Every structure is written in structure tokens, then in C-alpha cells.
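Contents: one structure, followed by commentary.
Numbering (the working numbering), first residue to last: 1 to 386.
Here is the structure:
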């Protein structure tokens, strides 16, 4: 008679055998799982944009420090900090009373000088007649002539003093030298300012248009010039370089700028050269001192490569793609990206013509897994088909 324990062991062995049979194979006949279907794009050498990404710093197109040009106490601030002002707009009012008194004094001196000149002119005229009649000496006439010339010079000096006092009084109203955005006031109402010390009152920056300064290394610039010289890079006839700005969070400015200046000298401290790009900035999103990233479109690479955005897996440290090798096995490969244009990534390195890059379905597979390529999966090849 068999024991109950023997029956329990028999049932356990049967369950294990059944489980093993169910887990064998992925097909209907228990064979291996079929390869995963993927869509690929065959890498082709073609003209692609030559994109160079560089860090940049925003600068105002025009900047002006507003300084005191008259002495006195600041009575009022006539603008709001941070607002846009037009050229010649009043910014500060300096107490004009002392300057008005100086102007009145200068005008009085001018009137006195005019009277003195008139007197010496009359005396000279009388003596001119008398000296011809030999009624007075030539010495007396020449003395009258000298007095007239001195009075005339004194009149010009008095007129200059009036002009200077008038100008000083005009400077009591401090005006914006340029159109732009005002900064924070550096003095408060009641502060004593001085023309001799050129007291700083505020600053105005014109940010529309705005400049972005880039400092590529001289080595990179030389490599670019060699690429143009040997024909690898085509910059066109106008050599126009467009620039796209990326703000924090990869926010792209809608309007592209253009490089309008290239420094000919090299900074000996950094070994870099200076490029300046000009941007329309009507909404003021670019602020002086702001750090941004710029993508410079410097012509095109004659035999470059590019891929659809969906084919690239961009990580924190590197970008990768999934390829199909000659054995129809998926492999992962790191690539270096140069920027985006027209919904495609320009690939700087990591690919060669003929590589089969998985563009759809890569998220369903792992490296080393067998795959099957969908017929006519390369959209560019399909587009060229008759």
C-alpha cells in the first residue's frame, strides 16, 4: 500500500512538468519568439545644415550712463524705474534756483559789457575825426582803439558766460540721451549731485535690437575655415550666418538673428574670438547680462547625415540610436548631435552611410534582440520610389 506522502510528491512533479511545458517557446508551436518588426532609415550622405551650438551672453545694442551735468539738489525723479523712455525724455529735476541766479548774474554782466563797448565805440568814433584834424594825438586815438577792442572781447566773454549759464540751467532737467529701458535710480530725491564729480543718476539700455556675444575657440574657427577651404562646408555666396537662441528649458526664440560682426583679433587670455549676433527684441525677452545658448547655422555640410527626432534617444550624458546590424540584431550606438533643423537632428559623428537606424519600434526592443525590418520602412527611400 502506497503512503499519502508518495501521492503528494507525484502531484508536485506533475505540476512542475506542466509549468515547464507552458513556458517553453513564444510561438504557437512552442518555438522561439518571432523577431520584432521595426521601421528603419538608411543613413545617406547628403547636404545638411552645419549647426554649431555655443554659449552666449546678451548685451544691449546701446547703453548710456546718465550722469549729472549741473550742481544742485535732486528735487524729483520724473520716471519709473525699469520703464521704457524715449530719447530726450525728462528723468530728474535738479533744483534750478541757484542756476537761475547765476544766469541772471551773467545777463547783468552781459548788459554791462554791451554798455562799455558802446561807450568805447563812441569815443573811438569821435577821436577818429579829431585825429584827422590833428586836434588830438595819435596816442590818444590808439588808446581809444585798444579800449574798444578790450570792450569787444569783454562783451564776447560775457555772452559766453550767459550761454554757459543757460546751458547749466537746461541741465537742471536731466534728460534721456537715448531711447531704451531705464535702470534703478542711483540717487534719491534730496541728494546733492555734482557736475564736477559726474554723479551717476541711472543707466539706460536699448535692448531692441539686442546683441548676443559668442566666444568660439580659435581652434574651432580655424577648423571651420579649413572646412570651407577644402569644400566640405558650403557657406554660400553671402556668407550669412543665422542664429537661433535657446533660453532656459530649451525655449526657442521665434525670430532668428544674424551674425553682424566677427572680431579679427584673438583674446590671448582665452584663445577665443568674438562673434556678435543681432536680434529683434520687441518684447524684451533678451536682457543684458543674460546667458543663453545659440545655434549658429554656418552654411551646410556637403556630405553630412541627419535623422528624424523620434529616432534619437537623448539622455543626460549622451545621445544614442538603435541600429540593425548585418545579422538583423539590434545594437545601440552613441552619436554626437550638432543641432536640429526641419524636425531632424544633424548628426556630427557616430554614423556612417549605409547604417540602418531604427526610427519606429526601438522602445520595444533591447540591444542584442533579433528584429525584422518592415518592407519599405525607410520613408526617404519610399519618397524617392517611382
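Don't be surprised by glycine CBs; every beta carbon is placed ideally from N, CA and C. Every value quoted in this text rests on a predicted model; they were computed, and no experiment measured them.
{"Query": "Would you call the stretch 89 to 102 in contact with the stretch 141 to 153, where contact means no fewer than 3 C-beta pairs closer than 8 Å?", "Result": "no"}
{"Query": "Using the three-state DSSP reduction, which class does residue 320 fall into: helix, strand or coil?", "Result": "strand"}
{"Query": "Could you give the DSSP three-state label for residue 273: helix, strand or coil?", "Result": "coil"}
{"Query": "What is the C-beta distance between residue 61 and residue 229, in whole angstroms, given that I count them as a contact (C-beta under 8 Å)?", "Result": "Their Cβ separation, rounded to whole angstroms, is 33 Å, which puts residue 61 and residue 229 out of contact at 8 Å."}
{"Query": "Tell me which residues share the same chain as residue 318 and place their Cβ nearer than 6 Å to its Cβ, disregarding the 5 neighbours each side in the sequence.", "Result": "334"}
{"Query": "Tell me whether residue 255 sits in a helix, a strand or coil according to DSSP, three-state version.", "Result": "coil"}
{"Query": "Is the stretch 307 to 326 touching the stretch 71 to 90 in the sense that three or more CB pairs, one from each, lie closer than 8 Å?", "Result": "no"}
{"Query": "Within the same chain, show all residues whose beta-carbon is closer than 6 Å to that of residue 168, passing over the 5 residues directly before and after it, in chain order.", "Result": "70, 99"}
{"Query": "For the putative contact between residue 311 and residue 41, defined by C-beta atoms under 8 Å, what is the C-beta separation to the nearest angstrom?", "Result": "7 Å"}
{"Query": "Buried or exposed: which applies to residue 151, given that a residue is buried once 16 or more other Cβ atoms fall within 10 Å of its Cβ?", "Result": "buried"}
{"Query": "Check whether the stretch 182 to 194 touches the stretch 241 to 261, taking contact to mean three or more Cβ pairs, one atom from each stretch, closer than 8 Å.", "Result": "no"}
{"Query": "Between the alpha carbons of residue 231 and residue 281, how many angstroms are there, rounded?", "Result": "36 Å"}
{"Query": "So, using beta-carbon positions, are residue 201 and residue 66 closer together than 8 Å?", "Result": "yes"}
{"Query": "With H, G and I counted as helix, E and B as strand and the rest as coil, what does DSSP make of residue 83?", "Result": "coil"}
{"Query": "By DSSP, does residue 300 sit in helix, in strand, or in coil?", "Result": "strand"}
{"Query": "Taking the alpha helix (DSSP H) that residue 218 belongs to, which residues open and close that run?", "Result": "218 to 229"}
{"Query": "For residue 155 versus residue 111, is the C-beta distance shorter than 8 Å?", "Result": "no"}
{"Query": "Residues in the same chain with beta-carbon distance under 7 Å from residue 332, minus the five sequence neighbours each way, listed in chain order, please.", "Result": "320, 322, 367"}
{"Query": "Determine which residues share a DSSP beta bridge with residue 356 and list them.", "Result": "42, 324"}
{"Query": "By the three-class DSSP mapping on this structure, what secondary structure does residue 205 have?", "Result": "strand"}
{"Query": "With 16 as the cutoff for other CB atoms within 10 Å, does residue 261 come out buried or exposed?", "Result": "exposed"}
{"Query": "Below 8 Å between beta carbons: does that hold for residue 292 and residue 56?", "Result": "yes"}
{"Query": "Considering just the uninterrupted stretch of the beta strand (DSSP E) at residue 164, what are its terminal residues?", "Result": "Segment 138 to 170 is the alpha helix (DSSP H) holding residue 164; no beta strand (DSSP E) there."}
{"Query": "With a cut-off of 8 Å, do at least 3 Cβ pairs link the stretch 206 to 222 to the stretch 100 to 109?", "Result": "no"}
{"Query": "If you reduce the DSSP assignment to three classes, tell me which class residue 369 lands in.", "Result": "coil"}
{"Query": "Cα-Cα, which of 166, 274, 163, 204 is closest to residue 175?", "Result": "204"}
{"Query": "Can you tell me whether DSSP reads residue 104 as helix, strand or coil?", "Result": "helix"}
{"Query": "CA-CA distance, residue 26 and residue 364?", "Result": "Legend: pLDDT at residue 26 = 47, less than 50; position of this residue unreliable, no value from coordinates given."}
{"Query": "Reducing DSSP to helix, strand and coil, say where residue 189 ends up.", "Result": "coil"}
{"Query": "Is it right to say residue 129 is buried, meaning 16 or more other beta carbons lie within 10 angstroms of its own, or is it exposed?", "Result": "exposed"}
{"Query": "Does the Cβ of residue 206 have 16 or more other Cβ atoms within 10 Å, making it buried, or fewer, making it exposed?", "Result": "buried"}
{"Query": "Please work out which residues of its chain come closer than 8 Å, Cβ to Cβ, to residue 161, disregarding the five sequence neighbours upstream and downstream, and give them in chain order.", "Result": "106, 109, 110"}
{"Query": "What number of angstroms, rounded off, separates the C-alpha of residue 373 from the C-alpha of residue 328?", "Result": "8 Å"}
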